[in-house]
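See below for the structure under consideration.
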Amino acid sequence: MDKILKYSFSDLIRSRWSIIYFLFYFITGMVLLYMSNDVSRAIVSLMNITFILTPLIGTIFGVMNFYNSREFIELLLAQPVPRYKIFLGLFLGISLSLSISLLIGIALPFVIYGVFGSAHLMNLFILLITGIFLTFIFTGIAFFIALIHENRLKGFGLAILIWLFMAFIYDGIFLMSLLLLQDYPTEKFAIAFSLFNPIDLGRILLILKLDISVLMGYTGAVFNKFFGGGTGMAISLMALSVWAVLPMWLIVRKGNKKDF
Amino acid sequence: MIEIQGIRKSFGKLAVLKGFDLSLTPGTITAVLGPNGSGKTTMIKSILGLVLPDAGSILFDGKSIKNQWDYRRQIGYLPQIARFPENLKVRELISLIEDVRGMKGNTDELISLFNLNDSLNKKLRQLSGGTRQKVNLTLTFMFDCPVYILDEPTSGLDPIALIRTKELILARKQQGKSFLITTHIMNLVEEIANELVFLLEGKVYFRGTHQELMATQEEETLERAIAKILEKENG
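Which chain is which? The protein sequence lines are Y and U, in order. Numbered according to the numbering used here, the first sequence terminates at residue 246, and the numbering increases by one at each position without gaps. Numbered according to the numbering used here, the second sequence terminates at residue 259, and the numbering increases by one at each position without gaps.
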């Protein structure tokens, strides 16, 4: 697995897209920091971009990379290696190379601006961690979808649909149900609801850290109590980890049974 | 050696392999022929474990290959389409396969045979189709395997590379290696194959030498003999 991971990673990190992806974050970060001169505000703006873009890029790369490596996967499958090593190696190769672009692209502007020693280091850290989690989760989901759909158009469409659902539609349903249930105490329901969407989960984690949860009124206070505390933090991280591991498990399971 | 017993495989409603037995003779070059969709590739992929049969079993050196992977160390496989990660250099692709196999390949001889020296440091996306096929052949033959499975080995090759590939196959055969080759080029079959397996609609229709096949159909060339079989089956 490590061997396939190594080559897949070194193939992808040199691709034009990795560099464009890195440059996008780097330039956006620089502009936001030096235009606003406010680290906290730059982090919020970057969060809004990152939490939509990262899942989208993960989705597109996961699907495209799988379909483009089809013949290469066949070549690897004919070698003396168990199947799970091939699939996990390829999946981790894309996820890691995207994560590195994201990590350096976002962190570098802050390092240049001088974030070390400031109170915002932790917030930046959470932004990066959740960004990496989202990369792994959505690349994994996309990889799995590509694995079960021979038809590229169907696979691509379904993967984009899932991204669209998680990034936008889910929130709509969330808000609608809160509105419909406004006569009832919905805090517990809201917390449970957010655990089932990794994008929301990441957003809540970061917003609470940025102390702008006051803007969210009573719900914000409840969220703050839950997610701000050690247990809530642990549960959210656990939920994100489950989200990250689940696609990998599905990939291995499906990969073992698939005909190529 | 490879033994296929009652193998069946369907994709959805389409039955591709309909239950046949076949055991390969060691030390020979066996050509697998058949029209498109007759199950050639599915059979080859079943042997390699890429396709998982619905029923029947495949034995390699007397042991079932089901859920096994180490037996593939004994097989050199040339896939039909030579597409590799675009940003890797030829040299890196070779070391990747060496790494995956956990052994050094005997590459020098093949690189000079196929004139690949100038391409070693090029990225794979910069190579022409024919050069990629040469890389493909190098990856297949750089390990010393008792069995080689080649899917359309000559596609895209120029005449010099074609002759060298044939010589390479024959030289390895001299060393006692076994070959399973699919091709649509009858010339190649007549020139190098000792044995011929003709698949039709998921079953073995004929097995023997190409002279025998021509004799049964009373035709002068292999191409015509095969065309006659197909016409009979369709008509």
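Ideal Cβ placement from N, Cα and C applies to all residues, glycine included.
For aspartate 78(U), three-class secondary structure by DSSP: Position 54 of the second sequence, counted from the first residue, corresponds to residue 78(U). Aspartate 78(U): coil per DSSP, three-state reduction.
With a threshold of 8 Å between beta carbons, is phenylalanine 230(U) in contact with chain Y? On the second sequence, position 206 is the one that residue 230(U) refers to. No, its Cβ sits nowhere closer than 8 Å to a Cβ of chain Y.
Could you please give the first and the last residue of the uninterrupted beta strand (DSSP E) stretch that includes glycine 255(Y)? It is not possible to answer for residue 255(Y), since the shown part of chain Y is limited to -13 through 246.
Given that glutamate 60(Y) touches chain U, what residues does it touch there, using C-beta distances under 7 Å? Residue numbering aside, residue 60(Y) sits at position 74 when the first sequence is read from its first letter. Leu74 and Pro103, listed in chain order.
Which residues bound the alpha helix (DSSP H) around threonine 245(U)? As a position in the second sequence, residue 245(U) is number 221, starting the count at 1. First-last for threonine 245(U): undefined, no H or E at that position.
Using CA atoms only, rank isn't needed, just tell me which of Leu57(U), Lys33(U), Lys128(U) and Pro50(U) is closest to alanine 251(U). Position 227 of the second sequence, counting from 1, holds the residue named residue 251(U). Considering only alpha carbons, the answer is Leu57(U).
Give me, in chain order, the residues of the same chain whose beta-carbon lies closer than 7 Å to that of threonine 49(U); leave out the 5 immediate sequence neighbours on both sides. Here residue 49(U) corresponds to residue number 25 of the second sequence, with the count starting at 1. So the list reads Glu219, once near-sequence residues are dropped.
What does a CB cutoff of less than 7 Å around alanine 225(Y) pick up in its chain, not counting 5 residues either side in sequence? To locate residue 225(Y), count along the first sequence from 1; it is residue 239. Result list for alanine 225(Y): Leu181 and Leu187, in chain order.
Nearest-angstrom Cα separation, counted from glutamine 104(U) out to leucine 186(U): Residue numbering aside, residue 186(U) sits at position 162 when the second sequence is read from its first letter. Residue numbering aside, residue 104(U) sits at position 80 when the second sequence is read from its first letter. Distance between the alpha carbons of leucine 186(U) and glutamine 104(U) is about 15 Å.
Quick one: Cα of phenylalanine 230(U) to Cα of valine 221(U), how far? Here residue 230(U) refers to the residue found at position 206 of the second sequence. Here residue 221(U) refers to the residue found at position 197 of the second sequence. So the alpha carbons of these two residues sit roughly 6 Å apart.
Where aspartate 78(U) meets chain Y, residues with beta-carbon distance less than 8 Å: By one-based count along the second sequence, residue 78(U) stands at place 54. Residues of chain Y passing the Cβ test: none, with the nearest at roughly 10 Å.
Taking all protein chains shown into account, do 16 or more other C-beta atoms lie within 10 angstroms of the C-beta of threonine 217(Y), making it buried, or fewer, making it exposed? Indexing the first sequence from 1 puts residue 217(Y) at position 231. Label assigned to threonine 217(Y): exposed.
Please state the DSSP three-state secondary structure of glutamine 168(Y). The residue given as residue 168(Y) occupies position 182 in the first sequence. If DSSP states are grouped into helix, strand and coil, glutamine 168(Y) belongs with coil.
From the DSSP secondary-structure annotation, give me the bridge partner or partners of serine 34(U). Here the question's residue 34(U) lines up with position 10 in the second sequence. Answer is Ala39(U).
Burial state of proline 184(Y), where buried means 16 or more other Cβ atoms lie within 10 Å: Mapped onto the first sequence, residue 184(Y) falls at position 198. Classification of proline 184(Y): buried, given that the 10 Å Cβ count is 16 or more.
Please confirm if asparagine 145(U) has its CB atom under 8 Å from at least one CB of chain Y. Walking along the second sequence from the start, residue 145(U) turns up at place 121. It does not; no Cβ of chain Y falls within 8 Å.
Quick check on this structure: which residue in Ile71(U), Val114(U) and Arg115(U) has the alpha carbon closest to the alpha carbon of aspartate 94(U)? The residue given as residue 94(U) occupies position 70 in the second sequence. When only C-alpha atoms are compared, the closest one is Ile71(U).
Beta-carbon proximity check, isoleucine 201(U) vs phenylalanine 44(U), cutoff 8 Å: The count along the second sequence starts at 1 and reaches residue 201(U) at position 177. The count along the second sequence starts at 1 and reaches residue 44(U) at position 20. Per the sequence shown, residue 201(U) should be read as lysine rather than isoleucine. No, the pair does not count as a contact, with Cβ atoms beyond the cut-off.
Under 8 Å, with one C-beta from each stretch per pair, do the segment 82 to 102 of chain Y and the segment 122 to 133 of chain U reach the 3-pair mark? no
Quick one: does lysine 42(U) have its CB under 8 Å from some CB of chain Y? Here residue 42(U) refers to the residue found at position 18 of the second sequence. It does not: the Cβ of lysine 42(U) has no partner Cβ on chain Y nearer than 8 Å.
When DSSP builds the beta bridges, which residues end up paired with leucine 223(U)? As a working note, residue 223(U) is residue 199 in the second sequence. In DSSP, leucine 223(U) forms a bridge with Val228(U).
Quick check: is the beta carbon of valine 67(Y) nearer than 8 Å to any beta carbon in chain U? Translated into positions along the first sequence, residue 67(Y) becomes position 81. Chain U contact via Cβ: present.
By the 9 Å beta-carbon criterion, what residues does the segment 110 to 122 of chain U contribute toward chain Y? Correct list: Glu110, Asn111, Leu112, Glu116, Leu117, Ser119, Leu120 and Ile121.
Rounded to whole angstroms, how far is the Cβ of leucine 18(Y) from the Cβ of leucine 32(Y), which I believe are closer than 8 Å? In the first sequence, residue 18(Y) corresponds to position 32, counting from 1. In the first sequence, residue 32(Y) corresponds to position 46, counting from 1. Contact between leucine 18(Y) and leucine 32(Y) is confirmed by a C-beta separation of about 6 Å, below the 8 Å threshold.
Kindly say whether leucine 63(Y), judged by its beta-carbon, lies nearer than 8 Å to any beta-carbon of chain U. Residue 63(Y) sits at position 77 when you count from the first residue of the first sequence. Output row for leucine 63(Y): interface = yes.
Under the three-state DSSP convention, the category glycine 214(Y) falls into: On the first sequence, residue 214(Y) is found 228 positions in, with the first residue counted as 1. Here glycine 214(Y) sits in helix by DSSP.
Is the separation between the beta-carbon of glycine 248(Y) and that of glycine 15(Y) shorter than 8 Å? With chain Y covering only -13 through 246, there is no way to say anything about residue 248(Y).
Can isoleucine 190(Y) and phenylalanine 154(Y) be called in contact, C-beta distance under 8 Å? Here residue 190(Y) refers to the residue found at position 204 when the first sequence is read from its first residue. Here residue 154(Y) refers to the residue found at position 168 when the first sequence is read from its first residue. No, Cβ-Cβ distance for isoleucine 190(Y) and phenylalanine 154(Y) is not below 8 Å.
Quick check: what's the CA-CA separation for isoleucine 118(U) versus phenylalanine 8(Y)? As a working mapping, residue 118(U) is identified with position 94 in the second sequence. As a working mapping, residue 8(Y) is identified with position 22 in the first sequence. Isoleucine 118(U) and phenylalanine 8(Y): Cα-Cα distance of roughly 29 Å.
I need the straight-line Cα distance from leucine 163(U) to threonine 206(U), nearest angstrom please. Along the second sequence, one-based indexing puts residue 163(U) at 139. Along the second sequence, one-based indexing puts residue 206(U) at 182. Counting only the Cα atoms, threonine 206(U) lies some 18 Å from leucine 163(U).
Could you give the C-beta distance for leucine -2(Y) and isoleucine 80(Y), rounded to a whole number, given that I count them as a contact under 8 Å? On the first sequence, residue -2(Y) is found 12 positions in, with the first residue counted as 1. On the first sequence, residue 80(Y) is found 94 positions in, with the first residue counted as 1. That belief holds up - the Cβ atoms of leucine -2(Y) and isoleucine 80(Y) are roughly 6 Å apart, short of 8 Å.
Which bits of chain Y does aspartate 168(U) rub up against, with CB to CB less than 9 Å? Here residue 168(U) corresponds to residue number 144 of the second sequence, with the count starting at 1. The premise fails here: aspartate 168(U) is roughly 14 Å from chain Y at the closest Cβ pair, so nothing lies under 9 Å.
Report all residues from its chain with a CB closer than 6 Å to the CB of glutamate 27(U); omit the five preceding and five following residues, and keep chain order. Translated into positions along the second sequence, residue 27(U) becomes position 3. Closer than 6 Å at Cβ, skipping near neighbours: Ser47 and Leu83.
Limits of the beta strand (DSSP E) - the one that glycine 100(U) falls within: Along the second sequence, read from residue 1 onward, the residue named residue 100(U) stands at position 76. Note, glycine 100(U): beta strand (DSSP E), 99 to 102.
Residue span of the beta strand (DSSP E) that contains tyrosine 172(U), given as start and end: In the second sequence, the residue the question calls residue 172(U) occupies position 148. Taken as a continuous stretch (DSSP letters only), the beta strand (DSSP E) holding tyrosine 172(U) covers 171 to 175.
Keeping to the same chain, check which residues put their C-beta closer than 6 Å to that of arginine 69(Y); ignore five residues upstream and five downstream. Counting from one through the first sequence, the residue named residue 69(Y) turns up at place 83. So the list reads Gly241 and Asn242, once near-sequence residues are dropped.
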